[in-house]
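Below is one structure, written out as structure tokens; comments come after it.
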Amino acid sequence: MAYEQVMSLSPLAKMMTPRKVTVGETDIVVIRRGEEVYALEATCPHSDAPLGKGALCDDKLVCPWHKSVFYLGENSAGELLEPPSLRALKRYSVKVDHDAVWIDSQPLD
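Residue numbers (numbering that gives the first Met the number 0): 0 to 108.
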């Protein structure tokens, strides 16, 4: 596993949209819900829409173009809840150390 420090944790608490970061050569969105931090692929599998411009609604991430809905939950973040996407989002391992957010460059799935 090759973790990279991508940002500070504190700004995530105030953000109402996902934050796009690059880990290695991979674009990833970082989302904080309560005490949990999620790292998911940054483009919708349906049509490559930028999920960094998506909406956060409770425990869901909504694609900005065609409204695919993905779950934000502890054990199944990125799970597809509503099409038109046909698959879940790739997930990435996250570590938080003090105020630093670290993300592994390899997907979990």
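All C-beta atoms in this analysis are idealised placements derived from N, C-alpha and C, irrespective of residue type, glycine included.
Keep in mind the model is a prediction, meaning the values are calculated, not measured.
8 Å contact criterion, which residue i and residue j should meet: CB distance rounded
| i | j | result |
| --- | --- | --- |
| P17 | V29 | 7 Å |
| L55 | M15 | 6 Å |
| K130 | Y2 | With the chain covering only 0 through 108, there is no way to say anything about residue 130. |
| E11 | R90 | Glu is not the amino acid found at residue 11; the sequence shown has Leu there. Wrong, their Cβ atoms sit about 17 Å apart, outside the cutoff. |
Same chain, Cβ closer than 7 Å to residue i, neighbours up to 5 away in sequence not counted
| i | result |
| --- | --- |
| R32 | D58, L71 |
Backbone CA spacing between residue i and residue j [nearest angstrom]
| i | j | result |
| --- | --- | --- |
| L50 | W64 | 9 Å |
| Q105 | G77 | 15 Å |
| S92 | H45 | 23 Å |
| K19 | I27 | 6 Å |
For residue i, the residue or residues it bridges with in DSSP
| i | result |
| --- | --- |
| S7 | A99 |
| P106 | Y91 |
Spatial neighbours of residue i in its chain, beta-carbon cut-off 8 Å, leaving aside the 5 residues before and after
| i | result |
| --- | --- |
| S7 | D98, A99, V100 |
Own chain residues within Cβ distance below 6 Å of residue i, not counting five before or after
| i | result |
| --- | --- |
| G151 | Residue coverage of the chain in this structure runs from 0 to 108, which leaves residue 151 outside it and unanswerable. |
| K52 | P63 |
Interface flag, residue i vs chain D, CB-CB below 8 Å
| i | result |
| --- | --- |
| R18 | Here chain D cannot be found, since the structure has a single protein chain. |
Check whether the stretch 58-71 touches the stretch 83-94, counting contact only when three or more Cβ pairs, one atom from each stretch, lie closer than 8 Å.
yes
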